[in-house]
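Protein chains in written order, with UniProt numbering: chain A, 1 to 194; chain B, 1 to 194.
Where is the CB? At the ideal position from N, CA and C, for every residue including glycine.
See structure below.
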């Protein structure tokens, strides 16, 4: 039983990895279950055993991606090291363009009509803005050195994270994503950076 | 002759408007020439008379979109009013979600493999970063109040513009895009904003 479960989990991980690759290359709308199955070395029937639909696979991909992210815990007690951790996350992202590419393609598609990822992203960004505001509050208090409240700085921090990814994916030689992100953190604490 | 040309130009404008709508709804990969033709009240043959391929139509859409943007002129003499104009452009964008939606969907797709818009966006962002750096230099000189050079601030300004659009499209009630953008301009000139 334990061996069977381990085998099933390994298979599931293979499928998710294949799905990330295919979505990075073609987007979600351009991806097919047949292409994901082939990439994972499975029949389509075998894939459907693990994920009953293309949408179910998408949800799993999005949840997997989000585990590495800031969302969810909302912990503010450890905010000081978490703001630094955010810069480290950006450095880490710069070493895995495929994952960033899949995420950025999905975010772009999510704003089109009736996209199955739209609700996920809408909810995710509400959560991310809340978490980042908490993090900024723990770091800076009710007012950042540049003059903004944590609630007004949080959408900007989120926007910089996403926007830099597009520029970096399109032209990695021209845009140093981790260094640009640190520049932005410097702006938020501008009094020191000056 | 003049009447025929005017008719042809009006028809072309109809097609472009229809293409924006269809791309906003379905993305480029999800869009079909048949759907665009139907939306514009033409046969597919009639559409092909104006745009010989789906890719030619995409190029026209991207060029049309860019006319309203900062790219191209590189003029730095009028930078003071142009930085303010940028905030006005964001306000204007907030009144035309369909155009922003089409652009954001295309940007997202452009990072997938072999996408026909990829080269356009890569080139566009090089140009936009250059223009914005020139604009910031004319406004602030070689060093912004927050401590960055114009070249280091430009990718952040670009990222905020793009990133805010996604958050706003997903949740227009939660994200006030023009006001958030003005907050960021305040951060760039942080010495005053404090």
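Helix, strand or coil at residue i [DSSP, three-state]
{"i": "residue 171 (chain B)", "result": "coil"}
{"i": "residue 158 (chain B)", "result": "helix"}
{"i": "residue 148 (chain B)", "result": "coil"}
{"i": "residue 80 (chain A)", "result": "Because residue 80 (chain A) carries a pLDDT of 49, less than 50, the predicted location of this residue cannot be relied on, and no value is offered for it."}
{"i": "residue 176 (chain B)", "result": "coil"}
{"i": "residue 131 (chain B)", "result": "helix"}
{"i": "residue 114 (chain A)", "result": "coil"}
{"i": "residue 109 (chain A)", "result": "helix"}
{"i": "residue 163 (chain B)", "result": "helix"}
{"i": "residue 94 (chain B)", "result": "coil"}
{"i": "residue 193 (chain B)", "result": "Confidence at residue 193 (chain B) is low in this model, with a pLDDT of 39, below 50, so the placement of that residue should be treated as unreliable; the coordinate-derived value is given next. Residue 193 (chain B): helix per DSSP, three-state reduction."}
{"i": "residue 119 (chain A)", "result": "helix"}
{"i": "residue 141 (chain A)", "result": "coil"}
Spatial distance of residue i from residue j (CA atoms)
{"i": "residue 41 (chain A)", "j": "residue 35 (chain A)", "result": "10 Å"}
{"i": "residue 58 (chain A)", "j": "residue 117 (chain A)", "result": "8 Å"}
{"i": "residue 71 (chain A)", "j": "residue 135 (chain A)", "result": "Note on residue 71 (chain A): pLDDT 44, under 50, position unreliable in the model; no value is reported."}
{"i": "residue 86 (chain A)", "j": "residue 60 (chain A)", "result": "23 Å"}
{"i": "residue 65 (chain B)", "j": "residue 5 (chain B)", "result": "22 Å"}
{"i": "residue 2 (chain B)", "j": "residue 10 (chain B)", "result": "12 Å"}
{"i": "residue 205 (chain A)", "j": "residue 56 (chain B)", "result": "In this structure chain A extends from 1 to 194, so residue 205 (chain A) is not present and cannot be described."}
{"i": "residue 88 (chain B)", "j": "residue 178 (chain B)", "result": "8 Å"}
{"i": "residue 22 (chain B)", "j": "residue 176 (chain B)", "result": "26 Å"}
{"i": "residue 133 (chain A)", "j": "residue 140 (chain A)", "result": "10 Å"}
{"i": "residue 75 (chain B)", "j": "residue 121 (chain B)", "result": "Note that residue 75 (chain B) scores 40 on pLDDT, short of 50, meaning its location in the model is unreliable; the coordinates nonetheless yield the value given after this. About 21 Å."}
{"i": "residue 124 (chain A)", "j": "residue 180 (chain A)", "result": "24 Å"}
{"i": "residue 114 (chain B)", "j": "residue 114 (chain A)", "result": "25 Å"}
{"i": "residue 92 (chain B)", "j": "residue 39 (chain A)", "result": "44 Å"}
{"i": "residue 33 (chain B)", "j": "residue 33 (chain A)", "result": "25 Å"}
CB contact flag (residue i, residue j, <9 Å)
{"i": "residue 153 (chain B)", "j": "residue 188 (chain B)", "result": "yes"}
{"i": "residue 24 (chain A)", "j": "residue 94 (chain A)", "result": "no"}
{"i": "residue 20 (chain A)", "j": "residue 146 (chain A)", "result": "no"}
{"i": "residue 143 (chain B)", "j": "residue 27 (chain A)", "result": "no"}
{"i": "residue 184 (chain B)", "j": "residue 156 (chain A)", "result": "yes"}
{"i": "residue 90 (chain B)", "j": "residue 161 (chain B)", "result": "yes"}
{"i": "residue 165 (chain B)", "j": "residue 100 (chain B)", "result": "yes"}
{"i": "residue 167 (chain B)", "j": "residue 137 (chain A)", "result": "no"}
{"i": "residue 108 (chain B)", "j": "residue 104 (chain A)", "result": "yes"}
{"i": "residue 163 (chain B)", "j": "residue 158 (chain A)", "result": "yes"}
{"i": "residue 50 (chain B)", "j": "residue 12 (chain B)", "result": "yes"}
Residue i versus the options, residue with shortest Cα-Cα distance
{"i": "residue 171 (chain A)", "options": "B:185, B:157, B:148 and B:126", "result": "B:126"}
{"i": "residue 8 (chain B)", "options": "B:46, B:29 and B:123", "result": "B:46"}
{"i": "residue 15 (chain A)", "options": "A:52, A:49, A:37 and A:26", "result": "A:37"}
{"i": "residue 63 (chain A)", "options": "A:49, A:119 and A:132", "result": "A:119"}
{"i": "residue 96 (chain B)", "options": "B:128, B:174 and B:17", "result": "B:17"}
{"i": "residue 182 (chain B)", "options": "B:84, B:49 and B:13", "result": "B:84"}
{"i": "residue 31 (chain A)", "options": "A:133, A:131, A:53 and A:1", "result": "A:53"}
{"i": "residue 174 (chain B)", "options": "A:151, A:176, A:173 and A:180", "result": "A:151"}
Check: residue i C-beta below 8 Å from any heavy atom of the ligand SAM
{"i": "residue 126 (chain B)", "result": "Absence of the ligand SAM is noted for the structure shown, with no ligands found whatsoever."}
Going residue by residue through the UniProt domain "HTH tetR-type" (9-69) of chain A, where are the continuous beta strand (DSSP E) segments of at least 3 residues, counting only ones entirely within it? none
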